[in-house]
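Just so you know, we're using the working numbering here: the sequence shown kicks off at 191 and counts up by one. Note that beta-carbon positions come from the ideal geometry of N, C-alpha and C, so glycine has one too.
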Amino acid sequence: MRCMFCAEDVREEALVCRHCGNDLTMPPSLAAENAHLKERVASLQRELAELGSKIAVLKKNR
Ligand SMILES: [Zn+2]
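Right under this line is the structure:
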């Protein structure tokens with residue numbers, strides 16, 4: 191993965207960046223927001239797939 195501070199590549203399991211020394215563990219508030227956003231993305235993807243199939247039906251019926 192890429193360090194969010196210095197953009198250098200660091201190991202996936204690293205807790206501290208070996209390049210800049212910053213803490214790579216996510217604060218709980220950010221982890222919660224991240225989980226929430228992942229959920230939102232999943233629901234939007236479902237919506238998009240649904241709309242895509244509706245459009246396909248409309249095109250077929252034209
Ligand atoms: Zn770094």
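Taking C-beta to C-beta, are residue i and residue j nearer than 8 Å?
i      : j      : result
Asp199 : Val206 : no
Who does residue i pair with in a DSSP beta bridge?
i      : result
Arg192 : Asp199
Val206 : Asp213
Based on Cα-Cα distance, which residue from the options lies nearest to residue i?
i      : options                   : result
His209 : Ile245, Val247 and Met194 : Met194
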